[in-house]
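Data block below; observations after.
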Amino acid sequence: MTATPPDIVRSAYLELVVSDLAASREFYVDVLGLVVTEEDGREIHLRALEEFIHHNLVLREGPVPAVAAFGFRVRSPRELDAAEAHYRALGCGVRREPAGFRTGVGEVVRVLDPLGFPYEFFYDVAHAPRLTWRSDLYGAGAIVRLDHFNQVCPDVVAGAAYLEELGFKRTEDIRGDDGVTYAAWFARKDTVHDTALTGGSGPRMHHIAFATHEKHNILYICDKLGALRRSDAIERGPGRHGVSNAFYLYLRDPDGHRIEIYTQDYYTGDPDNPVVTWDVHDNQRRDWWGHAVVPSWYTDASTVLDLDGAPVPLREREQASEMDVTIGADGFSYTRKDDTARGFKVGEQL
Ligand SMILES: O=C1C=CC(S(=O)(=O)O)=CC1(O)O
Ligand SMILES: [Fe+2]
Numbered sequence: 001m002t003a004t005p006p007d008i009v010r011s012a013y014l015e016l017v018v019s020d021l022a023a024s025r026e027f028y029v030d031v032l033g034l035v036v037t038e039e040d041g042r043e044i045h046l047r048a049l050e051e052f053i054h055h056n057l058v059l060r061e062g063p064v065p066a067v068a069a070f071g072f073r074v075r076s077p078r079e080l081d082a083a084e085a086h087y088r089a090l091g092c093g094v095r096r097e098p099a100g101f102r103t104g105v106g107e108v109v110r111v112l113d114p115l116g117f118p119y120e121f122f123y124d125v126a127h128a129p130r131l132t133w134r135s136d137l138y139g140a141g142a143i144v145r146l147d148h149f150n151q152v153c154p155d156v157v158a159g160a161a162y163l164e165e166l167g168f169k170r171t172e173d174i175r176g177d178d179g180v181t182y183a184a185w186f187a188r189k190d191t192v193h194d195t196a197l198t199g200g201s202g203p204r205m206h207h208i209a210f211a212t213h214e215k216h217n218i219l220y221i222c223d224k225l226g227a228l229r230r231s232d233a234i235e236r237g238p239g240r241h242g243v244s245n246a247f248y249l250y251l252r253d254p255d256g257h258r259i260e261i262y263t264q265d266y267y268t269g270d271p272d273n274p275v276v277t278w279d280v281h282d283n284q285r286r287d288w289w290g291h292a293v294v295p296s297w298y299t300d301a302s303t304v305l306d307l308d309g310a311p312v313p314l315r316e317r318e319q320a321s322e323m324d325v326t327i328g329a330d331g332f333s334y335t336r337k338d339d340t341a342r343g344f345k346v347g348e349q350l
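Reminder that position 147 of the sequence shown reads as 147 in the UniProt record's numbering, one-by-one numbering, no gaps.
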């Protein structure tokens, strides 16, 4: 028997443990242009330009680079009671922390969820200046808001059932004719997703995504990284996704945490929003132009911590991995499903 889930508004912040706070500050502030709301020698609280809550990203120096919390805003203070009841009914570890436990945030309900991820739910939060109109502070690569998380878990079907019970709406997925679900995307806000599940050993964080308004902002970030001789921070892209139709770029921060820069997906807010399902062999599913996906994008992800700050042990995926069935990053995949003469594209081989 589960209790009514909390009414989640959006994915709101991530707490990242980093090995060198100064190096991470230089990456997220000097290179990417995130705004410092508050900082001390141990933690830095950052937000995107259009954000009005205290932060979207906490950088905390620590021995093991990892994700310590996925923060979700709920619709009212009473939804914290719903969160506590929902997760206790699931038999999860639950801790209710007083205001101030997290800088700038009121009372927080922290859980280690059924997939092993450290989720936390909050309503009361300090407001920070929303810089929407301050074009004088926008760089050419202006990052305007947090868009989504992406989580690696061994069993996407079980993970999807948990997220859908939590009130998330599936918007897209990748499946095989073998009946395997390789990845799925889930929304609370009215765009393609607030989080996604990528099949693999987990729990791990695949990436956090921030949004820009335009594609040219993403291209500027690439040019800036080139000019800074930091092009090795670029892992994948720029390109156009199949899933979500967004324009994208994936970066790796100084600890290897993956950051996506993302723009122009589509509206999904109607109750009967149709789910888009992609064939795992469709070469345009992850890159609409058919560009290969670099193997590290499938293999690498960030450790997550439990409520005591210890790394959560990984469980291996038992079903086939996407790289296995597409033979490398994008091996035997089709551009045109029934065109076996010209439609198959032998992509990158491992
Ligand atoms: O946000 C996303 C949207 C689409 C994709 S994919 O590579 O097109 O599947 C990946 C992603 O989850 O990062
Ligand atoms: Fe993403």
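Every residue gets a Cβ at the ideal spot worked out from N, C-alpha and C, and that includes glycine.
Would you check if there are 3 or more beta carbon pairs closer than 8 Å linking the stretch 133 to 152 to the stretch 165 to 180?
-> Three or more Cβ pairs closer than 8 Å define a contact, and the stretch 133 to 152 falls short of that threshold against the stretch 165 to 180.
When you compare each of R258, T335, V152, Q319 to D279 by their alpha carbons, which one comes out closest?
-> Nearest C-alpha to D279: T335.
In angstroms with no decimal places, state the Cα-to-Cα distance between D223 and Y87.
-> Spanning the two alpha carbons is a distance of roughly 45 Å.
Assign D127 to one of two classes, buried (16 or more other C-beta atoms within 10 Å of its C-beta) or exposed (fewer than that).
-> Correcting the residue type first, residue 127 is His in the shown sequence and not Asp. Exposed, since its Cβ has fewer than 16 Cβ neighbours within 10 Å.
Work out the CA separation of D81 and P6 for me, nearest whole Å.
-> 8 Å
Any chance the CB of N283 is under 7 Å from a heavy atom of ligand 1?
-> no
Is there at least one non-hydrogen atom of ligand 1 closer than 7 Å to the beta-carbon of N273?
-> no
For Y248, three-class secondary structure by DSSP | strand
Quick one: Cα of G328 to Cα of T299, how far?
-> Reliability fails at G328, whose pLDDT of 48 lies under 50, so the model's placement of it is uncertain and the value that follows must be treated cautiously. Roughly 11 Å between the two C-alpha positions.
State yes or no: is the C-beta of residue 351 nearer than 7 Å to some heavy atom of ligand 1?
-> The structure shown does not extend to residue 351, since the chain is modelled only from 1 to 350, so the question has no answer here.
Examine ligand 1 and report whether any of its heavy atoms sits within less than 7 Å of the Cβ of G242.
-> yes
Tell me where the alpha helix (DSSP H) around R88 begins and ends.
-> Per DSSP, the unbroken alpha helix (DSSP H) holding R88 starts and ends at 79 to 89.
Secondary structure, alpha helix (DSSP H): runs of 4+ residues fully inside the stretch 54 to 133 | 79 to 89
From E348 to A211, what distance separates their C-alpha atoms?
-> Because the pLDDT at E348 is just 48, under 50, the model does not fix this residue reliably, and the value given afterwards should be weighed accordingly. Cα to Cα, E348 sits roughly 29 Å from A211.
Burial state of D270, where buried means 16 or more other Cβ atoms lie within 10 Å = exposed
Same chain, Cβ closer than 8 Å to R240, neighbours up to 5 away in sequence not counted | Here the set comprises A246, F247, Y248, D287, W288, W289.
Where do the ends of the beta strand (DSSP E) carrying S11 lie?
-> 8 to 18
From L314, H281, E322, R317, residue whose alpha carbon lies closest to that of D338 | H281
Leaving out five residues on either side along the sequence, give the residues of the same chain with a beta carbon under 8 Å from the beta carbon of V18.
-> S24, L59, R60, E61, G62, P65, D253, P254, D255, H257
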